[in-house]
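Numbering (my numbering), first residue to last: 7 to 165.
By construction, the Cβ of each residue, glycine as well, lies at the ideal position given by its N, Cα and C atoms.
Take a look at the structure set out below.
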Amino acid sequence: MRSKPFNSFPPQVCFQEVPDEVSLAFTIFGCPLRCPGCHSQDSWDPQAGQPLSDERFGHYLQRYRHLITCVLFFGGEWHLEALEAKLDLAKGLDLKTCLYTGLERVPQRLLRRLDYLKTGAWQAHLGGLQSTVTNQRFVALATGNLLNFRFRENNHAAA
Numbered sequence: 007m008r009s010k011p012f013n014s015f016p017p018q019v020c021f022q023e024v025p026d027e028v029s030l031a032f033t034i035f036g037c038p039l040r041c042p043g044c045h046s047q048d049s050w051d052p053q054a055g056q057p058l059s060d061e062r063f064g065h066y067l068q069r070y071r072h073l074i075t076c077v078l079f080f081g082g083e084w085h086l087e088a089l090e091a092k093l094d095l096a097k098g099l100d101l102k103t104c105l106y107t108g109l110e111r112v113p114q115r116l117l118r119r120l121d122y123l124k125t126g127a128w129q130a131h132l133g134g135l136q137s138t139v140t141n142q143r144f145v146a147l148a149t150g151n152l153l154n155f156r157f158r159e160n161n162h163a164a165a
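As structure tokens, this is what we get:
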């Protein structure tokens, strides 16, 4: 079954967003949360970017298959069926999957397709995953382990 495509930027290979993984990251457009201070305000417009059809997504996975271990989505949970289809394609190639969301929870049917999940809206006064007081949580779903400490390990910025 083909899902309706959503729009995204072309993907980027990332090394820091998912601990111990090399991720192919997709920024999905149309974010309805619009968190104050969001560093990705360009992702709010659902018409921006290019349609990410299942075919185009599959092409990216094949192109980067031997370079990556994980597929990361910055958003997209508001396109639940389309995101599920992309996660299933990635899992079919034995890739790990991750979602960054500003929500506190996502549907169980989405959780079943994820290896990692970052939750929590951006709140500038609390900081991101490297902050000890952040509201955001990065979890390895298979174990339930909170991995926020991994974002602080090599952060030598002044406090």
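For residue i and residue j, I'd like the C-alpha separation in whole angstroms.
| i | j | result |
| --- | --- | --- |
| A165 | P42 | Note on A165: pLDDT 43, under 50, position unreliable in the model; no value is reported. |
| G133 | L147 | 23 Å |
| E2 | E90 | With the chain represented from 7 up to 165, any question about residue 2 goes unanswered, as that position is not in the structure. |
| T149 | L117 | 13 Å |
| F63 | H131 | 36 Å |
| N141 | L109 | 11 Å |
| G126 | R143 | 7 Å |
| R111 | V145 | 12 Å |
| Q53 | L86 | 18 Å |
The ligand NAP and residue i: does any heavy atom of the ligand fall closer than 8 Å to the residue's C-beta?
| i | result |
| --- | --- |
| L147 | With respect to the ligand NAP, the structure offers nothing, as it holds no ligand at all. |
Mind checking who residue i pairs with in its DSSP beta bridge?
| i | result |
| --- | --- |
| C76 | S29, K102 |
| Y122 | C104, A146 |
| V19 | L30 |
| F12 | L58 |
| N151 | A146 |
Within a Cβ cutoff of 7 Å, which residues of the same chain sit near residue i, ignoring the five residues on either side of it in sequence?
| i | result |
| --- | --- |
| T75 | E27, V28, L101, K102 |
| P25 | L153, R156 |
| M7 | Any reading at M7 needs caution, since the residue's pLDDT is 49, under 50, leaving its predicted position unreliable; the model's value is listed next. Here the set comprises nothing. |
| E23 | S29, A31, L78 |
Whose CA, out of the options, lies closest to the CA of residue i?
| i | options | result |
| --- | --- | --- |
| H65 | K92, R143, G150, L86 | K92 |
| D121 | G108, L152, Q142 | L152 |
| G36 | Q114, G55, F21 | G55 |
| Y106 | N13, L99, K124 | K124 |
| W50 | F63, S59, D60, I34 | I34 |
| D60 | Q53, P52, A96, W128 | A96 |
| C20 | L86, C104, P52, D48 | C104 |
| F15 | C44, V139, D48 | D48 |
| Q68 | L39, W128, G98 | G98 |
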